[in-house]
Amino acid sequence: MMPRAGCLIATLALAACASPHGAAPVVDRTSPGAQVAPPATASAKPAPTAPAAAPVVSAGEYVVRRGDTLYSIALEHGVDYRELAQWNSLDDPTRIRTGQVLRVARPEPRGVTVGRVSEGRIEARPLEARPLEAPPPGPVKPPSAAAAATPPLATGPLKFIWPAKGKVLAAFEQTRGKGVDIDGRVGDPVLAAARGKVTYVGSGIRGLGKMLIIQHNDEFLTVYAHTSQTLVKEQQAVDAGQKIAEMGKSDSDRPMLHFQIRKLGRPLDPKQFLPGL
0 MMPRAGCLIA TLALAACASP HGAAPVVDRT SPGAQVAPPA TASAKPAPTA PAAAPVVSAG
60 EYVVRRGDTL YSIALEHGVD YRELAQWNSL DDPTRIRTGQ VLRVARPEPR GVTVGRVSEG
120 RIEARPLEAR PLEAPPPGPV KPPSAAAAAT PPLATGPLKF IWPAKGKVLA AFEQTRGKGV
180 DIDGRVGDPV LAAARGKVTY VGSGIRGLGK MLIIQHNDEF LTVYAHTSQT LVKEQQAVDA
240 GQKIAEMGKS DSDRPMLHFQ IRKLGRPLDP KQFLPGL
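Using numbering that gives the first Met the number 0, the final residue of the sequence shown is 276, and nothing's skipped along the way.
What follows is the structure in C-alpha cells.
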C-alpha cells in the first residue's frame with residue numbers, strides 16, 4: 000500500500016505545479032514572488048509603409064500620367080514637342096516616365112545682377128547692356144529660294160477655312176473628341192485651314208492615327224487626324240488652302256478627318272471660326 004500511495008502523492012504534486020496553459024511560469028529569483036510571462040511565439044507584423052508623397056507641382060509644370068507621350072503633352076499645352084524636350088533636357092522624346100514632373104511653359108529669361116556697395120550695404124542692379132560692335136561691311140547674301148518661297152507665320156487676325164469637303168459626322172464635344180469629324184473618302188484632299196508651320200507629323204498620339212499639327216501663331220494651332228498619308232514635313236511652312244494630307248481611316252472605323260482648333264492648348268469648337276457650309 001505504501002508504494003502505491005507514494006506514487007499517488009507524487010502525481011498530485013506534479014499536477015499542482017503544471018501551468019493550466021501547458022507552460023511553466025518563469026520565476027524571477029531577484030524579486031521574491033515576481034513572475035515573468037513566457038515569451039510570445041507569434042511573429043510581429045511589419046509596420047505599414049506610408050504611401051509615397053505626391054510630387055509638388057508649381058505653375059507651368061505637369062506630372063506625367065499613365066498613357067501620356069511627349070507629343071500628347073505638348074498638344075494639350077499648345078507647344079512644340081521639340082521645345083518641350085529642350086526645356087526638360089530630354090535627349091529622347093519617347094523616354095518619359097509616369098510621375099515625372101515636366102516644365103510645360105516657356106522659361107522666363109532671368110536678368111543678371113551685380114552687387115554695388117553703397118553706404119555700407121549691397122544693392123543689386125541689372126547689368127547695363129552695351130551695344131555690339133557692327134560687323135565689318137561685306138557682301139549681303141540674298142535669301143535662298145526656299146526661304147523666300149515659304150510664307151511666314153500669321154501675324155494678324157486668323158481666318159480659317161474648312162480643311163475638307165464633307166458633312167460633319169460628329170460635332171465638337173470637349174470631353175469626347177475635342178474637335179469635329181468630317182466625312183469623306185480615302186484619298187480626299189486635306190487642306191491647311193490657315194497659314195502656319197508644321198510642327199508635328201506622325202502617329203505618336205493614341206487614337207488619332209496618322210496626323211499632323213500646324214502652328215499658326217503664338218496662340219493657335221490646328222490638328223488633322225486619321226489621314227492616310229501626309230504630304231508635308233515638320234518645320235515646313237504652309238499656306239491656307241494648301242494640300243497637306245489625304246483623308247484616311249487610321250485609328251478610325253471609317254474614312255474621315257478629325258479636325259481640331261486649339262488656343263493655348265485648349266480645344267475650341269471649330270464652327271466658331273469656320274465659315275458656314
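Cβ coordinates follow ideal geometry from the N, Cα and C atoms, glycine included.
Keep in mind that this is a model prediction, so the values were computed, not measured.
Cβ shell of residue i (< 7 Å), same chain only, five flanking positions each side left out
{"i": "Asp-268", "result": "Phe-171"}
{"i": "Lys-166", "result": "Asp-182"}
{"i": "His-257", "result": "Gly-176, Gly-178, Asp-180, Leu-207, Ala-224, His-225"}
{"i": "Val-103", "result": "Gly-59, Glu-60, Tyr-61, Ile-72, His-76, Val-78, Leu-83"}
{"i": "Thr-97", "result": "Val-63, Arg-64, Arg-65"}
{"i": "Arg-94", "result": "none"}
{"i": "Ile-8", "result": "At Ile-8 the pLDDT is 48, less than 50, meaning the model places this residue with poor confidence; the figure from the coordinates comes in the next sentence. Same-chain partners within the cutoff: there are none."}
Span separating the alpha-carbon of residue i from that of residue j
{"i": "Ala-244", "j": "Arg-64", "result": "31 Å"}
{"i": "Pro-188", "j": "Tyr-223", "result": "12 Å"}
{"i": "Lys-262", "j": "Glu-218", "result": "5 Å"}
{"i": "Asp-180", "j": "Asn-87", "result": "34 Å"}
{"i": "Pro-254", "j": "Asp-67", "result": "26 Å"}
{"i": "Gly-186", "j": "Lys-248", "result": "10 Å"}
{"i": "Lys-209", "j": "Leu-74", "result": "15 Å"}
{"i": "Pro-274", "j": "Asp-90", "result": "42 Å"}
{"i": "Ser-227", "j": "Lys-164", "result": "16 Å"}
{"i": "Arg-184", "j": "Gln-85", "result": "39 Å"}
{"i": "Met-246", "j": "Ala-169", "result": "16 Å"}
Close beta carbons around residue i, own chain, < 6 Å, minus the five adjacent residues each side
{"i": "Gln-214", "result": "Gly-195, Lys-196, Thr-198, Leu-220"}
{"i": "Thr-200", "result": "In the sequence as presented, Thr is not what sits at residue 200; that position holds Val. Contacts found: Leu-211, Thr-229, Glu-233."}
{"i": "Lys-270", "result": "none"}
{"i": "Ser-251", "result": "His-225"}
8 Å Cβ shell around residue i - same chain, five flanking residues per side excluded
{"i": "Tyr-70", "result": "Tyr-80, Pro-92, Tyr-199, Gly-201, Gly-203, Ile-204"}
{"i": "Val-237", "result": "Pro-150, Ala-191, Arg-194, Gly-195, Lys-196, Val-197, Ile-213, Val-231, Ile-243"}
{"i": "Phe-272", "result": "Leu-157, Phe-159, Ile-260"}
{"i": "Arg-265", "result": "Gly-77"}
{"i": "Gln-99", "result": "Val-62, Val-63"}
{"i": "Glu-107", "result": "none"}
Identity of the residue in the options nearest residue i by Cα
{"i": "Lys-242", "options": "Val-100, Ala-169, Arg-96, Leu-190", "result": "Leu-190"}
{"i": "Glu-82", "options": "Arg-94, Arg-265, Gln-99, Arg-105", "result": "Arg-105"}
{"i": "Trp-161", "options": "Val-56, Pro-266, Ala-239, Gly-264", "result": "Ala-239"}
{"i": "Leu-101", "options": "Val-56, Gly-264, Asp-90", "result": "Val-56"}
Jot down the residue ranges of each uninterrupted beta strand (DSSP E) in the segment 172 to 209, minimum 3 residues, whole runs only, in chain order.
179 to 182, 188 to 190, 195 to 201
At which residue ranges does the segment 211 to 273 contain complete beta strand (DSSP E) runs of 3 or more residues, listed in the order of the chain?
219 to 224, 226 to 229, 242 to 246, 255 to 262, 265 to 267
Which residue spans inside the segment 77 to 111 form an unbroken alpha helix (DSSP H) run of at least 4?
Those alpha helix (DSSP H) runs which fall completely within the segment 77 to 111 and span 4+ residues are 80 to 86.
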